[in-house]
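**Student:**
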Amino acid sequence: MSSAIDIPAESSAAAKGKAPLIGSSSRDGGIEKGGFRKGLAIFDFLLRIGAIISALSAAATMGTSDETLPFFTQFFQFEASYDDLPTFQFFLIAMAIIGGYLVLSLPFSIVTIIRPHAVGPRMLLLILDTVALTLNTSAGAAAAAIVYLAHNGNPNANWLAICNQFGDFCQKVSGAVVASFVTVVIFMVLVVISSLALRQKN
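This is the structure we're talking about:
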């Protein structure tokens, strides 16, 4: 007597046909998630280039803000410069540091493009971007307060508005402050991008 058990051909073929479908679905999901993270990484890199331009523009504009009025005497010369105010000095140093950090962060951003699943570089960028965002916001807000006083003054404190006389100086420092807040917005988007990329990892 034979004890062999016959396996129906249809069920065997069906079992063979299902296996690659399951594997294919898993691979497609991984590729889709990897592609999403890679797209985020490319967008991150482009935003960092834009942030470098805005941060260094803010620092350069503030550093060249200097105006001397045409009328002066032998003993008095009316001049306005960023280094007359410690707040503007802090702004210049902070924006220069932020611009330098953004340049140094580009290699890590490239790593996240090449290896979109890597968690270490993305986590490092998220932490450092948050620190840079804090420094950028504090510098921009402090400078914005001084710019407001330069434009409007404060009658209660007997502080006069100087922008009527130093128009070019005020225009430059105002432009520097605007550029710094553009960098703030970019940093906020970068933090969101890093958070999304880390969330997709899970």
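Going letter by letter, the sequence shown gives residues 1 to 202 in full-length UniProt numbering. Think of the CB as a built atom: it goes at the ideal place given N, C-alpha and C, for glycine as much as any other residue.
Extract the residue ranges of the beta strand (DSSP E) inside the UniProt domain "Casparian strip membrane protein" (38-185), only unbroken runs of 3 or more that lie entirely within it.
**Tutor:** Taking only runs of at least 3 residues, the beta strand (DSSP E) segments lying wholly in the UniProt domain "Casparian strip membrane protein" (38-185) are 66-68 and 79-81.
**Student:** Give every residue of the same chain whose Cβ lies closer than 6 Å to the Cβ of V147, excluding the five residues on either side of it in the sequence, and list them in chain order.
**Tutor:** V173, S174 and V177
**Student:** Can you give me the C-alpha to C-alpha distance between V182 and A51, rounded to a whole angstrom?
**Tutor:** Spanning the two alpha carbons is a distance of roughly 8 Å.
**Student:** Quick check on the burial criterion: 16 or more other C-beta atoms within 10 angstroms. Buried or exposed for G44?
**Tutor:** In the sequence on display, residue 44 carries Asp and not Gly. Buried, because 16 or more other Cβ atoms sit within 10 Å of the Cβ of D44.
**Student:** If we ignore side chains and look at the alpha-carbon of each, how far apart do P116 and K38 end up?
**Tutor:** Whole-angstrom Cα-Cα distance: 5 Å.
**Student:** Near N136, what residues of its chain come up, given a Cβ to Cβ distance below 8 Å and the 5 sequence neighbours on each side ignored?
**Tutor:** These residues qualify, in order along the chain: A55, A94, M95, I98, S180, T183, V184 and F187.
**Student:** When the Cα of S105 is compared with those of D66, L190 and F169, which residue comes out closest?
**Tutor:** L190
**Student:** Going by beta-carbon coordinates alone, are A59 and E67 separated by less than 8 Å?
**Tutor:** no
**Student:** If you compare alpha carbons, which of A142, F90, F108 and V103 is closest to L126?
**Tutor:** F108
**Student:** How big is the Cα-Cα spacing for W159 and F166?
**Tutor:** The alpha-carbon of W159 is positioned some 15 Å away from that of F166.
**Student:** Near A145, which residues of its chain fall below 6 Å by C-beta distance, leaving aside the five closest residues on each side in sequence?
**Tutor:** Answer for A145: no residue qualifies.
**Student:** CB A41 to CB T112, shorter than 8 Å?
**Tutor:** yes
**Student:** Please state if the CB of A139 and the CB of F169 are separated by a distance shorter than 8 Å.
**Tutor:** Not a contact, by the Cβ cut-off of 8 Å.
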